[in-house]
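Participant: Residue numbers (numbering that gives the first Met the number 0), protein chains in the order written: chain S, 0 to 86; chain W, 0 to 438.
Yeah, the Cβ is synthetic: ideal placement off N, Cα and C, and Gly gets one too.
Source: prediction; values computed, not measured.
The structure's right below; bear with me while I get my questions together.
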Amino acid sequence: MIISAFLYMVYGVIWLLTEPFRILPDASLPSNIASAITTANTYLVSINSFVPVSTILTIVALTLVVEGFILSWKLINWVIKKIPTIS
Amino acid sequence: MIFQKKILIKWLIGTGICLAIGFAIPTYAYAVGFSNQDDSSSQETNADNYGSRQTLGEPSKNFILGSTDEYVNLKLKVQVGGTGSFNPQIYIWKDDTFKFFAVDCGTIAKPFDDVFQFSDTCKTDSEEYLKDYEFQTGYSYKIDPYISNGSGKFYGSTNADSYLNGECEGYNCSPLTDLYFNWGEIPNSISIDFPANGTSTQDFAAWYISGYQIPTASTTWYQTAYDTTSTDLWTNSTHFNDIELRKFDGSFSNYPFLKFNLLEFNKTYYAQARFYTVTGINLFTGSSTLIVFATSSLISFNTLTGYQDNLIHSYYTMPTSTASSTDWVLSCDPNAGLVANSICKVLLYLFSPKQADLNRFNDLKVAVQNKAPMGYLTQTINLLGNFSVSSTPAFALSNASAGLDTYVYNPLKTGLTWLLWIGWGVWLFQRIRNLYFTI
Numbered sequence: 000m001i002i003s004a005f006l007y008m009v010y011g012v013i014w015l016l017t018e019p020f021r022i023l024p025d026a027s028l029p030s031n032i033a034s035a036i037t038t039a040n041t042y043l044v045s046i047n048s049f050v051p052v053s054t055i056l057t058i059v060a061l062t063l064v065v066e067g068f069i070l071s072w073k074l075i076n077w078v079i080k081k082i083p084t085i086s
Numbered sequence: 000m001i002f003q004k005k006i007l008i009k010w011l012i013g014t015g016i017c018l019a020i021g022f023a024i025p026t027y028a029y030a031v032g033f034s035n036q037d038d039s040s041s042q043e044t045n046a047d048n049y050g051s052r053q054t055l056g057e058p059s060k061n062f063i064l065g066s067t068d069e070y071v072n073l074k075l076k077v078q079v080g081g082t083g084s085f086n087p088q089i090y091i092w093k094d095d096t097f098k099f100f101a102v103d104c105g106t107i108a109k110p111f112d113d114v115f116q117f118s119d120t121c122k123t124d125s126e127e128y129l130k131d132y133e134f135q136t137g138y139s140y141k142i143d144p145y146i147s148n149g150s151g152k153f154y155g156s157t158n159a160d161s162y163l164n165g166e167c168e169g170y171n172c173s174p175l176t177d178l179y180f181n182w183g184e185i186p187n188s189i190s191i192d193f194p195a196n197g198t199s200t201q202d203f204a205a206w207y208i209s210g211y212q213i214p215t216a217s218t219t220w221y222q223t224a225y226d227t228t229s230t231d232l233w234t235n236s237t238h239f240n241d242i243e244l245r246k247f248d249g250s251f252s253n254y255p256f257l258k259f260n261l262l263e264f265n266k267t268y269y270a271q272a273r274f275y276t277v278t279g280i281n282l283f284t285g286s287s288t289l290i291v292f293a294t295s296s297l298i299s300f301n302t303l304t305g306y307q308d309n310l311i312h313s314y315y316t317m318p319t320s321t322a323s324s325t326d327w328v329l330s331c332d333p334n335a336g337l338v339a340n341s342i343c344k345v346l347l348y349l350f351s352p353k354q355a356d357l358n359r360f361n362d363l364k365v366a367v368q369n370k371a372p373m374g375y376l377t378q379t380i381n382l383l384g385n386f387s388v389s390s391t392p393a394f395a396l397s398n399a400s401a402g403l404d405t406y407v408y409n410p411l412k413t414g415l416t417w418l419l420w421i422g423w424g425v426w427l428f429q430r431i432r433n434l435y436f437t438i
């Protein structure tokens, strides 16, 4: 019950924060962007015979993961820094 | 790197918070005793902890011995929880024909997490000693470990080289005698087909069990069980669907989820289905034994009431939980004693969130993810996820020949792959080395 109540409070806060977004219509990505991404894929496939496209994509994903982790870690530190007596 | 005292303290606090978040919930769940119905993954993980070994078979799966092997002084790694004791038994199938079952193999007192040795008194139902039974080359054998109550895992071996906790004290310890048992309450899981999304069906009408072919040669029964408190239905349920037990002849592919008419209104029920058969009365033990072929995942639903034509009808909500790998079902051990059980229930009431509390966040995420500006990011990520090297290329670089691929493109690609990984490794090293531990 205690955890449920806490979760419900968190849910309520998020619900309020997201309320302005939820009343908006669904976003639609401009067709030019979608076609650009698709076209980029076909160009990458064309050079896949000698360029390791899958490796590049993997490395990009790993890089994003590492940077995301570092950013999250810094955010946690920033929050901790707000605690009184900890500077 | 600059390691100042304050920075170090903050780093420790940050790490502590992460660890606390990561371990608090699993630790709490373990403390009150959780049952995760998707046991297969965790069992495999545990099994791997006991060294690599050749897996000859799991319960209800066939394996073929490569040579004539005799199981002498067979030792098994056993992990069982709870309290009390049970007598392990083994069922042997040869070329899909039930051969015999072995009893009087000893007693295991729970909890138990050690090596259990099948005793020399372990006999088949024809009173032949198990240790004297000879598994023959070329036949397909299937071994079903079985316990009458509780659940656990057996790991066995007669090869000390590949199984750290097992020993080969007998003879004929060829590599292929490395036996591996792994048992639980779901020896062969079956799936539940729920009504398609968007349908308004609330009752059992569209719930089916599928994924299991009933062997025509055996007498198989289909049973459902219900309970409002315990998720260990086959041990603790008092609501077995005894009335509608059915015998199938193997001609059906889907089986309706049997409805039990005596469920109380306005309750949350757990339910599970299984197929099983019962052996004949054994003259040696004087009892028959239930063999479970397949068990469904656990579901939960609410019972409602409704009125139609001035008559009260019971309706059932759609299943809200299938106890999948992401869904923990917390329960208290009814054998832990009145005080412990009561405290456990109070703790569960206070600290265990309902699945609906968690589902609410997912519903919110679904409601927001397609709205601007998040929707643009969502759609972009979805498009990037469709990247595939097997897509149709925009152009061809040249009329590539097999020789060009073999001697030019492939080595070039391999070299670039190595360079990319080495470069990324250097970048990662530099990134971490120069990381300043404050914002």
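1. Is there a Cβ from chain S that is less than 8 Å from the Cβ of Val367/W?
2. With DSSP as the reference, label Asn47/S as helix, strand or coil.
3. Can you give me the C-alpha to C-alpha distance between Leu383/W and Ile36/S, rounded to a whole angstrom?
4. Is the beta carbon of Thr294/W closer than 8 Å to that of Phe256/W?
5. Give the DSSP bridge partners of Pro29/S, in chain order.
6. Flag this pair as touching only if the region 405-422 of chain W and the region 43-57 of chain S have three or more C-beta atom pairs under 8 Å; answer yes or no.
7. Can you say whether Trp455/W is buried or exposed, counting buried as having 16 or more other CB atoms within 10 angstroms of its CB?
8. For the beta strand (DSSP E) that Phe256/W lies in, which residues bound it at each end?
9. Express the C-alpha separation of Ile431/W and Ile85/S in angstroms, rounding to a whole number.
10. Please decide whether Phe49/S counts as near chain W, where near means a Cβ-Cβ distance under 8 Å.
11. Using a threshold of 8 Å, state whether the C-beta atoms of Asn31/S and Phe386/W are closer than that.
12. Name the chain S residues that come within less than 7 Å of Tyr348/W, Cβ to Cβ?
13. Tell me whether Ser296/W sits in a helix, a strand or coil according to DSSP, three-state version.
14. Could you tell me the alpha carbon to alpha carbon distance between Ser299/W and Thr267/W, rounded to whole angstroms?
15. Taking only the alpha-carbon atoms, compute the straight-line gap between Gly402/W and Val44/S and give it to the nearest angstrom.
16. To the nearest angstrom, how far is it from the Cα of Ile82/S to the Cα of Asn76/S?
17. By the 10 Å Cβ neighbour count, where 16 or more other Cβ atoms means buried, how is Phe428/W classified, buried or exposed?
18. With DSSP collapsed to three states, give me the class of Trp423/W.
19. Tell me the residue span of the alpha helix (DSSP H) that contains Trp72/S.
20. Can you give me, in chain order, the residues of the region 11-23 of chain S that have a beta carbon less than 8 Å from any beta carbon in chain W?
21. Is Leu427/W close to chain S, meaning its C-beta is less than 8 Å from at least one C-beta of that chain?
22. Indicate the three-state DSSP secondary structure (helix, strand or coil) for Arg432/W in the structure shown.
23. Taking Cβ-Cβ distances shorter than 9 Å, what residues in chain S pair up with Gly384/W?
24. Taking the beta carbon of Ile107/W as the centre, do at least 16 other beta carbons fall within 10 Å, making it buried, or is it exposed?
25. Output yes or no for whether 8 Å exceeds the beta carbon distance between Tyr264/W and Thr302/W.
26. Which term fits Tyr221/W, buried or exposed, when burial requires 16 or more other beta carbons within 10 angstroms of its beta carbon?
27. Using 8 Å as the threshold, is the C-beta distance between Met0/S and Leu376/W below it?
28. Between Lys370/W and Phe20/S, how many whole angstroms is the CB-CB distance? I'm expecting something under 8 Å.
29. In chain W, which residues lie with their C-beta within 8 Å of the C-beta of Asn40/S?
Facilitator: Taking the definition as stated:
1. To locate residue 367/W, count along the second sequence from 1; it is residue 368. Output row for Val367/W: interface = yes.
2. Within the first sequence, the letter at position 48 stands for residue 47/S. It is coil, neither helix nor strand.
3. Reading the second sequence from its first residue, position 384 is the one you call residue 383/W. Reading the first sequence from its first residue, position 37 is the one you call residue 36/S. If you take the alpha carbons of Leu383/W and Ile36/S, they lie about 7 Å apart.
4. Mapped onto the second sequence, residue 256/W falls at position 257. Mapped onto the second sequence, residue 294/W falls at position 295. Contact flag unset, no.
5. Indexing the first sequence from 1 puts residue 29/S at position 30. Per DSSP, none; premise fails for Pro29/S.
6. yes
7. With chain W covering 0 to 438 only, the question about residue 455/W has no answer from this structure.
8. What you label residue 256/W is simply residue 257 of the second sequence in a count that begins at 1. Unbroken run through Phe256/W: none, as it is neither H nor E.
9. Working through the first sequence from its first residue, we reach residue 85/S at position 86. Working through the second sequence from its first residue, we reach residue 431/W at position 432. Computed Cα separation, rounded: 25 Å.
10. What you label residue 49/S is simply residue 50 of the first sequence in a count that begins at 1. Closer than 8 Å: yes.
11. Indexing the first sequence from 1 puts residue 31/S at position 32. Indexing the second sequence from 1 puts residue 386/W at position 387. It is not a contact, given that the beta carbons lie outside the stated cut-off.
12. By 1-based counting over the second sequence, the position of residue 348/W is 349. The answer, in chain order, is Met0.
13. Working through the second sequence from its first residue, we reach residue 296/W at position 297. Three-state result, Ser296/W: coil.
14. Reading the second sequence from its first residue, position 300 is the one you call residue 299/W. Reading the second sequence from its first residue, position 268 is the one you call residue 267/W. Their Cα atoms are separated by approximately 7 Å.
15. Stepping through the second sequence from its first residue, residue 402/W is reached at position 403. Stepping through the first sequence from its first residue, residue 44/S is reached at position 45. So the alpha carbons of these two residues sit roughly 20 Å apart.
16. Taking the first residue of the first sequence as 1, we reach residue 82/S at position 83. Taking the first residue of the first sequence as 1, we reach residue 76/S at position 77. When rounded, the distance between both Cα atoms is 10 Å.
17. For the purposes of this step, residue 428/W is identified with residue 429 of the second sequence, where counting begins at 1. Exposed, since its Cβ has fewer than 16 Cβ neighbours within 10 Å.
18. Residue 423/W sits at position 424 when you count from the first residue of the second sequence. In the structure shown, Trp423/W sits in a helix (DSSP, three-state: H, G or I).
19. Within the first sequence, residue 72/S is the residue found at index 73, counting from 1. That run of the alpha helix (DSSP H) goes 52-80.
20. Ile13, Trp14, Thr17, Phe20, Arg21, Leu23
21. Within the second sequence, residue 427/W is the residue found at index 428, counting from 1. Chain S contact via Cβ: present.
22. Translated into positions along the second sequence, residue 432/W becomes position 433. Three-state result, Arg432/W: helix.
23. Here residue 384/W is taken as the residue at index 385 of the second sequence, counted from 1. Going along chain S, no residue has its Cβ under 9 Å from Gly384/W, so there is no contact; the nearest lies around 10 Å.
24. The residue labelled residue 107/W in the question sits at position 108 within the second sequence. Result: buried.
25. Stepping through the second sequence from its first residue, residue 264/W is reached at position 265. Stepping through the second sequence from its first residue, residue 302/W is reached at position 303. The question names Tyr, but residue 264/W is Phe in the sequence shown. Cβ atoms of Phe264/W and Thr302/W: closer than 8 Å.
26. As a first step, residue 221/W must be located in the second sequence, where it is residue number 222. Burial call: buried.
27. For the purposes of this step, residue 0/S is identified with residue 1 of the first sequence, where counting begins at 1. For the purposes of this step, residue 376/W is identified with residue 377 of the second sequence, where counting begins at 1. The answer is no: Cβ separation not under 8 Å.
28. One-based indexing of the second sequence puts residue 370/W at position 371. One-based indexing of the first sequence puts residue 20/S at position 21. About 4 Å; that satisfies the 8 Å criterion.
29. Your numbering for residue 40/S matches position 41 in the first sequence. Going along chain W in sequence order, the residues near Asn40/S (Cβ under 8 Å) are Asn385, Phe386, Ser387, Ser390.
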